[in-house]
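Visitor: Dropping the structure in here first, questions after.
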Amino acid sequence: MRRAGPRRRAGAVVGAVLLIAVSAPTAVPAGPAADGIDVPEPRVQTEDLLIANHSFEDGLANWSASNGRGEPPGEHCDDAARITTDWASAGEQSLQFPGQAPCVVAGAVSEPVEVVAGEHYSAYADTAGSGKAALGLRFLDESGDVIDSVHGERVAAGDVVQISGTAPADAAAVAVELAAQKTVQFDNVLVTAPFTATGNQITNRGTFLAMAAGYDQNGRAVTFTVATGSAADSAVLMVTDIVEQRVTQTVKLPGVTGSWSIEQNPVTGVVYIAGYGAPGLYEWQPGDEAAQRVGTPPIDHLGMMYGLTTTPEGVLYGGAWGEPTVGYAGAQLWRYDDDGFERFGPVLTDDANYTRAVAYEAQNEALWAGTGTVPHLYGCDTDGSCQDFTHLLNDDILAKPWVYGMTAGSGYVQVWAGDSNSTGGDYLIVLRTWRDDAGTLQAEVVHEVPGVIYNGATPVVDDKVYYTVAGEEGLPLHSLDVVTGEESVIADAKGEIFSRAWEIIDLRDPEWPGPSVVGFNSQANLVAYNIETGRFARTELDGVPDVALGVNDLVDGPDGRIWSAAYMSGGTGAYEPMRSDEQQSWNVGRQAESMIAYQGRIYQGTYPNGDITTYVPADIVDGQEPATVCRIGAGQNRPYGLLGVGDRIYYGSQAEYGHDMGAIGYVDLDTGECTTFTEQVGHYSVNTLTAADGLVLGGTSIFFSWDGEPIEDEGQLLIFTEADETIEVRDLPVRGLRSLDALVTDSDGTVWAYAAGWLFGYDPAADEWISQEEIFPDWKPGDRIPGNYATMIEHEGRIYGNAAGRLFSFDPDAARAGAADVEVHIQGLGPRLIADDYGHLYTLYGSTQLMRINPDAL
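In this note's numbering, the protein residues as written are 27 to 884.
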């Protein structure tokens, strides 16, 4: 694609600005009006209005000649239009009017697209040449007759021309008319409704967070895995024949976004899936066309289910997570059998909220559980009584967040614990377990293996466990004899994967006799190793279902496209404004908590490691992963705020699990080095940044990570002075607000801050708050305030904001005078707010989509 350069809107002629709420099946859900706030409920256009042959790659098809002013072409102008390759802003061709006598003034009309009467529409076209250009809109009724039109004044070509108008009563369609005086080229003709849902942004081959091995309805050895989806496009259960190395069945899981754990009942063959999104247990009988939701265990404020494990009799146990700030009591277990759910045992500990690792050890009839983000280890009897075995974990593990994975059997328990990053800081701890004469559960550490990678080891088979170790080329399987302690590397079994689990299963095939080791990673690479014969297979599977992923953040890219990053397994999308048919996505890139475009590149702050990554659009188009600039370190993992200033990218961040101090810092773009300040920030997150007069200002939140309760009581304004790198804080004008959610600096230098329904103005030169107004008494955040709760941007002289899906705007001059006169435009959106080169606003919408908003129609 070739571009003429940055788009700028010029020569706009706007019809009457009118927005009428029209009832439609896909309306944005409006919240209740409160305290005099009237939240409109507009119609949402569910797909772009695509002008046929908008970039003239098909020559003159779908266009007809006119005079540019709503009439037939003038004499000698029937064939005035030409196709040229001398210039193009989209594709390789454009439409040219030579503008030579006897036809100096000419035009062309597109085929119409459907519209709704009463709504406001805007059209755009890129132009070049030495003449003058304009656009018009012809509104047509159902019979195709023109019932009204609006035309703009001709302006010098070389920019984007625009026209806007309101569809009259009885309008059913609109056609865009091009008008040229003398030599003009037109390209990339586009049109938009006021509110448009852009369609799914990132659709990729499924990725996987859970795996189990078992048998299908035909007795074939298979893996059960779950392709992560989104709230709008549910996860998919995928069954793969291990010996044949092919996908044999896929089953949609309605209501499920994804799964961290899956298990097959050894008695009934039922497959259990611990779903998240709307947390719940699902069951599926192999061969069935659909899965069924079972329900949720009786655990208050349950947020996630983990660690499924079964007894030989088919009793299911599992772990859980809930957020402490909404009332979750701490690490807990649950049980499910023919009688239904019950909570199992006590709250294990109240200083950890994840029961991430759970495994049943049948020889001693004991349930084992590990917690995070404070690591503990417990062994429980089936009557619900539990013992604390945390003392068996070494000091290095205890200084890290997780007991993350676990397998058990034959009197042994294999614990995978550490930082869970699989870079060498994790351990495999092998426990021998028994019961003493009184029947009390006992355990001792018999082996510690450092550097074991995700997700630990197999259960014991023939006195051995199997696993992989960080840093080894090809990641070959290792075996450890749990009796003798002898460790061996199986050089011919290089799996090259971080397996979601390592399973032991009899493949029931003469070429794979006895037990085999089976692994499966997030990218659907299947690995099998036969212990008896040494036979090894590794396959990148075909037939993996595509899923539409949730969008986590977005940015207006340097190429004019809207670039987005997926939640949670990664992925990148690129959207050409007003051309959903040109949407692209790639299975590269990580979960971005923030994105900015700066100096021709896109920068991201990514989770889970707190990396600053970067790319130019061409890198992603070529399938390259974004490059890591640096890791911000200091116990951080969610860089929510990014800001480009001079030769630096500044970031604010939220602490990782097990840490309680956020950070502010910067990347030196010349050296690529990160400098991170955390002690000066204290027990806060820094979630939003802006700059003014040599200062970088940050909005802080008392919520510092997802596993701990706040230490502080109220948010503050953080002030970083670039010259001497000192940090100060200022109290907010209204005390007791838990988070300063959004910051923006206007063209006058005033910093505007949004916090829990309050709007504040700050003069950085005078170092004083100059205004305060409670603009939304009805709109208060819940228990936790996430780092993407609110955003504000300056756009064409106004400040636009998105607070928890409520889009609003105000005039900063009026706000400085003491009356912000805030307008609420729409409610029910997702987070984030950016503007494209045409002046349209974008937020997230419906999990997988963007919402484009035309401010001309507001």
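Ideal placement from N, C-alpha and C gives every residue a C-beta, glycine not left out.
Between L76 and T639, what straight-line distance do the alpha-carbon atoms span, to the nearest angstrom?
Guide: Whole-angstrom Cα-Cα distance: 34 Å.
Visitor: Within its chain, find whatever has a CB closer than 8 Å to the CB of P51; leave out the 5 residues flanking it on each side and keep chain order.
Guide: Note that P51 scores 27 on pLDDT, short of 50, meaning its location in the model is unreliable; the coordinates nonetheless yield the value given after this. Cβ neighbours of P51 beyond the five flanking positions: none.
Visitor: Within 8 Å, do at least three Cβ pairs link the stretch 93 to 102 to the stretch 622 to 637?
Guide: Not touching, per the Cβ criterion.
Visitor: Taking only three categories from DSSP, how would you classify H102?
Guide: H102 falls in the coil class under three-state DSSP.
Visitor: In the structure shown, what three-state DSSP assignment does I885 receive?
Guide: In the structure as shown, the chain begins at 27 and stops at 884. Residue 885 is therefore absent and cannot be evaluated.
Visitor: Excluding the 5 residues flanking D20 on each side, which residues of the same chain have their C-beta closer than 7 Å to its C-beta?
Guide: Residue 20 is absent from the model: the chain starts at 27 and stops at 884.
Visitor: Below 9 Å between beta carbons: does that hold for L758 and F786?
Guide: Their beta carbons are under 9 Å apart, which means L758 touches F786 by this criterion.
Visitor: Going residue by residue through the stretch 623 to 684, where are the continuous beta strand (DSSP E) segments of at least 3 residues, counting only ones entirely within it?
Guide: Segments of the beta strand (DSSP E) lying fully in the stretch 623 to 684: 627 to 633, 637 to 641, 653 to 657, 662 to 671 and 674 to 681.
Visitor: Per DSSP, which one or two residues make a beta bridge with S122?
Guide: For the sequence presented, residue 122 should be read as Gln rather than Ser. In DSSP, Q122 forms a bridge with R108 and Q211.
Visitor: By Cβ distance below 7 Å, which residues in the same chain neighbour S448 in space, the five residues on each side in sequence not counted?
Guide: Cβ neighbours of S448 beyond the five flanking positions: I479, Y480, A496 and F524.
Visitor: For A717, count the other beta carbons within 10 Å of its own beta carbon; 16 or more makes it buried, fewer makes it exposed. Which is it?
Guide: It counts as buried.
Visitor: Quick one, which of T322, R878 and G500 has its alpha-carbon nearest G865's?
Guide: Looking at the Cα atoms, R878 is the closest of the given residues.
Visitor: Let me know the beta strand (DSSP E) ranges lying completely inside the stretch 379 to 404, each 3 residues or longer, listed in chain order.
Guide: Fully enclosed beta strand (DSSP E) runs of 3 or longer: 380 to 387 and 392 to 398.
Visitor: Please classify T244: is it buried, with 16 or more other beta-carbons within 10 angstroms of its beta-carbon, or exposed?
Guide: Note on residue identity: the sequence assigns Asn, not Thr, to residue 244. With fewer than 16 other Cβ atoms within 10 Å, it is exposed.
Visitor: DSSP three-state label for P881, please.
Guide: Helix at P881.
Visitor: Which residue's Cα is closest to the Cα of S411: V693, R369 and A592?
Guide: Nearest C-alpha to S411: R369.
Visitor: Rounded to the nearest angstrom, what separates D532 and P539 at their Cα positions?
Guide: Going by the C-alpha atoms only, they are around 7 Å apart.
Visitor: Using 8 Å as the Cβ pair cut-off and three pairs as the minimum, do the stretch 143 to 155 and the stretch 188 to 206 touch?
Guide: Yes, since at least three Cβ pairs between the stretch 143 to 155 and the stretch 188 to 206 fall closer than 8 Å, the two stretches touch.
Visitor: Which word fits E289, buried or exposed, when buried means at least 16 other C-beta atoms lie within 10 angstroms of its C-beta?
Guide: So E289 ends up on the buried side.
Visitor: Does the stretch 160 to 173 come into contact with the stretch 223 to 235, if we say contact requires no fewer than three beta-carbon pairs (one atom in each stretch) closer than 8 Å?
Guide: Because the criterion of three Cβ pairs below 8 Å is not met, the stretch 160 to 173 and the stretch 223 to 235 do not touch.
Visitor: Which residues in the same chain have their Cβ closer than 7 Å to the Cβ of Y780, if we skip the five residues on either side of it in sequence?
Guide: Only D767, A768, A816, M818, G827 and A829 meet the Cβ criterion.
Visitor: Mind pulling the beta strand (DSSP E) runs of 3 or more residues that sit fully within the stretch 744 to 782?
Guide: Whole beta strand (DSSP E) segments, 3+ residues: 752 to 757, 768 to 771 and 777 to 781.
Visitor: If you draw a straight line from the alpha carbon of T752 to that of A378, how long is it in whole angstroms?
Guide: Roughly 35 Å between the two C-alpha positions.
Visitor: For the stretch 102 to 111 against the stretch 64 to 72, are there 3 or more C-beta pairs whose distance is under 8 Å?
Guide: At 8 Å Cβ cutoff, the stretches do not touch.
Visitor: Only counting the same chain, and skipping five residues up and downstream in sequence, which positions put a Cβ closer than 8 Å to that of A257?
Guide: Hits under 8 Å: T283, G303, G576, G872, S873 and T874.
Visitor: Tell me, to the nearest whole angstrom, how far the beta carbon of T153 is from that of D185; I am working on the premise that it is less than 8 Å.
Guide: With a Cβ gap of about 6 Å, T153 and D185 count as contacting.
Visitor: Helix, strand or coil: how does DSSP classify I479 here?
Guide: In this structure, I479 counts as coil in the three-state DSSP scheme.
Visitor: From this set, V200, Y241 and Q311, which residue's C-alpha is nearest S175's C-alpha?
Guide: Selected option, being the one with the closest Cα: V200.
Visitor: How about G306 and G321: do their beta carbons lie closer than 9 Å?
Guide: Result yes, Cβ atoms of G306 and G321 sit closer than 9 Å.
Visitor: Just to confirm my understanding: we take E820, look at its own chain, exclude 5 residues before and 5 after, and list those with CB closer than 7 Å. What are they?
Guide: Taken in chain order, the residues that qualify are V770, D772 and S773.
Visitor: Should N806 be labelled buried (16 or more other beta-carbon atoms within 10 Å of its own) or exposed?
Guide: This sequence places Lys at residue 806; Asn is not what is there. That one is exposed.
Visitor: Quick one: measure Cβ to Cβ for G667 and Y683, integer angstroms, because I've assumed they're closer than 8 Å.
Guide: 20 Å between Cβ atoms; not a contact.
Visitor: Quick one: complete beta strand (DSSP E) runs, 3+ long, within the stretch 262 to 335?
Guide: The stretch 262 to 335 contains these whole beta strand (DSSP E) runs: 262 to 267, 272 to 278, 282 to 290, 297 to 303, 306 to 310 and 318 to 321.
Visitor: Roughly how far, in whole angstroms, is the beta-carbon of E537 from the beta-carbon of A550, given that I think they are within contact range, below 8 Å?
Guide: Rounded, the Cβ-Cβ distance is 23 Å, inconsistent with contact.
Visitor: Whole angstroms is fine: what's the gap from D750's alpha carbon to G720's?
Guide: One C-alpha to the other measures close to 10 Å.
Visitor: Please determine whether the Cβ atom of A357 lies at a distance below 8 Å from any heavy atom of the ligand SAH.
Guide: With respect to small molecules bound, the structure shown includes none, and the ligand SAH cannot be examined in it.
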